[in-house]
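Participant:
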Amino acid sequence: MISLEGKTGLVFGIANDRSIAAAIAQQCHDAGAEMAFTHLPDADPERPKARNRCLKVVKDWNPKLVLPCDVSDDAQLDEVFDKVKAEHGKLDFVLHSIAFASLDDLKVPTYQCSREGFKLAMDISCYSLLALAKRAEPLMTDGGSILAMTYLGGERVIPGYNMMGVCKAALECSVRYAAAELGPKNIRVNAISAGPLRTLAASAVGDFSAMSKLYETFSPMRRNITAEEVGSAGAFLLSGASSGITGENLHVDAGFHAVA
Ligand code: 0WD
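Under UniProt numbering, the first residue of the sequence shown is numbered 1, with each subsequent residue one higher.
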């Protein structure tokens with residue numbers, strides 16, 4: 001039985017109710033966790049679309065903090081962690097469920113993406129994990145758990161995943177290095193490699209229906225995964241139930257990685 005009673009988490013990446021972060025946060029809430037949340041800053045504060053979509057998901061959990069944060073901006077990250085420290089005093093877990101690449105760079109062959117587009121995608125999709133870990137470490141005084149989201153395209157060439165595959169390979173490697181560096185402080189760092197789920201981010205990548213069909217045909221379980229399955233694996237890795245696990249890339253993909 002997973003328990004997060006008395007634990008405090010910080011969740012990055014709830015864009016709407018379909019976000020993987022929403023599914024993981026739901027199960028963390030059910031397990032007793034208290035959480036703070038961030039959403040992308042809205043260009044027009046008079047029409048706070050991103051904030052409202054995030055609030056719609058989290059409001060019933062009565063969070064003390066729901067804050068705007070663009071993870072490519074150090075000042076915004078500092079402000080989030082300062083506020084978490086002031087409000088909660090400590091952190092037990094952080095969920096990094098974020099990725100971004102401009103469509104112009106994502107849709108072309110990897111070797112044709114632009115230098116600026118590559119930097120931006122790596123910054124938001126990979127470096128940000130390290131930026132979060134750096135700021136979380138001083139708040140994880142009783143140890144902690146950090147979780148990132150990745151995809152098989154970081155290990156193999158998956159048609160259409162293109163430069164995001166390069167970002168995910170770097171992210172997965174960052175998980176291993178951070179796990180080794182933070183392990184002595186009892187801070188664990190893991191990743192979940194999820195099968196395809198129909199979210200905003202997924203709509204930008206390749207042909208979702210074709211990918212989905214591939215999993216139905218070839219995965220050992222002959223089906224796709226559900227958001228709830230990623231949610232429960234996420235809550236497990238963020239909780240003490242996984243206390244011996246770090247530097248891991250846990251595939252929640254109906255076994256597709258084993259046969260692909
Ligand atoms: O099939 C899928 N959906 C899979 C997703 C399979 C395997 C892995 N993943 C990964 C994604 O690559 C990502 O790392 O899971 C993570 C979460 O993705 P998601 O839940 O599929 O997508 P979404 O609901 O769109 O959440 C990603 C969010 C952004 O959403 P939008 O669509 O508004 O860009 O990442 C956040 C934002 O909320 N985000 C940022 N947050 C802070 N600063 C930034 C930024 N600069 N850019 C994007």
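Using N, Cα and C, we set each Cβ at its ideal position, and we do this for glycine too.
Can you tell me which of 48, 52, 59 puts its alpha carbon nearest to the alpha carbon of residue 29?
Facilitator: Checked all of 48, 52, 59; the closest Cα to residue 29 is 59.
Participant: Taking 8 Å as the cut-off, decide whether the C-beta atoms of residue 104 and residue 118 are in contact.
Facilitator: Cβ atoms of residue 104 and residue 118: not closer than 8 Å.
Participant: Which residues bound the beta strand (DSSP E) around residue 10?
Facilitator: That run of the beta strand (DSSP E) goes 8–12.
Participant: Going along the chain, which residues of its own chain have a beta-carbon closer than 6 Å to the beta-carbon of residue 165, five neighbours each way excluded?
Facilitator: Same-chain partners within the cutoff: 153, 154.
Participant: Could you check where the alpha helix (DSSP H) with residue 176 kicks off and where it finishes?
Facilitator: Its alpha helix (DSSP H) spans residues 162–182.
Participant: Name the residue from 190, 68, 82 whose alpha carbon lies nearest to the alpha carbon of residue 96.
Facilitator: It is 190 whose Cα lies nearest to the Cα of residue 96.
Participant: Please determine whether the Cβ atom of residue 70 lies at a distance below 7 Å from any heavy atom of the ligand 0WD.
Facilitator: Yes, Cβ of residue 70 sits closer than 7 Å to a heavy atom of the ligand 0WD.
Participant: Taking only the alpha-carbon atoms, compute the straight-line gap between residue 40 and residue 255 and give it to the nearest angstrom.
Facilitator: Whole-angstrom Cα-Cα distance: 33 Å.
Participant: Tell me whether residue 163 is buried or exposed, calling it buried when 16 or more other Cβ atoms sit within 10 Å of its Cβ.
Facilitator: Residue 163 should be labelled buried.
Participant: Buried or exposed, going by whether 16 or more other CB atoms sit within 10 Å of the CB of residue 92?
Facilitator: By the neighbour-count rule (16 or more Cβ atoms within 10 Å), residue 92 is buried.
Participant: Between the Cα of residue 131 and the Cα atoms of 175, 88, 116, 143, which residue gives the shortest distance?
Facilitator: The shortest Cα separation from residue 131 among 175, 88, 116, 143 belongs to 175.
Participant: By alpha-carbon positions, which one of 51, 62, 56 ends up nearest to residue 70?
Facilitator: Ranking 51, 62, 56 by Cα distance to residue 70 puts 51 first.
Participant: Judging by CA-CA distance, which residue of 198, 234, 251, 172 is the nearest neighbour of residue 15?
Facilitator: Closest option to residue 15, Cα to Cα, is 198.
Participant: Would you say residue 200 touches the ligand 0WD, meaning its beta carbon is less than 7 Å from a heavy atom?
Facilitator: Yes, since a heavy atom of the ligand 0WD falls inside the 7 Å radius drawn around the Cβ of residue 200.
Participant: Just to confirm my understanding: we take residue 94, look at its own chain, exclude 5 residues before and 5 after, and list those with CB closer than 6 Å. What are they?
Facilitator: The answer, listed in chain order, is 10, 132, 136, 146.
Participant: Let me check you understand the geometry: is the CB of residue 99 closer than 7 Å to at least one non-hydrogen atom of the ligand 0WD?
Facilitator: Yes, the Cβ of residue 99 comes within 7 Å of a heavy atom of the ligand 0WD.
Participant: With 16 as the cutoff for other CB atoms within 10 Å, does residue 26 come out buried or exposed?
Facilitator: Buried, by the Cβ-count rule.
Participant: Hey, residue 225 and residue 179 are a contact pair by Cβ (cut 8 Å); roughly how many whole angstroms apart?
Facilitator: Not really, about 24 Å apart at Cβ, beyond 8 Å.
Participant: Per DSSP, residue 39 forms a beta bridge with which residues?
Facilitator: Answer by DSSP bridge pairing, in chain order: 68.
Participant: Hey, could you find the ends of the alpha helix (DSSP H) residue 18 is sitting in?
Facilitator: First-last for residue 18: undefined, no H or E at that position.
Participant: In terms of alpha-carbon separation, which member of 108, 72, 12, 84 lies closest to residue 148?
Facilitator: Taking only the C-alpha atoms, the option nearest residue 148 is 12.
Participant: Quick one: complete alpha helix (DSSP H) runs, 4+ long, within the region 186–220?
Facilitator: Segments of the alpha helix (DSSP H) lying fully in the region 186–220: 200–203, 208–218.
Participant: Report yes if the C-beta of residue 18 is less than 7 Å from at least one heavy atom of the ligand 0WD; otherwise report no.
Facilitator: The answer is yes for residue 18.
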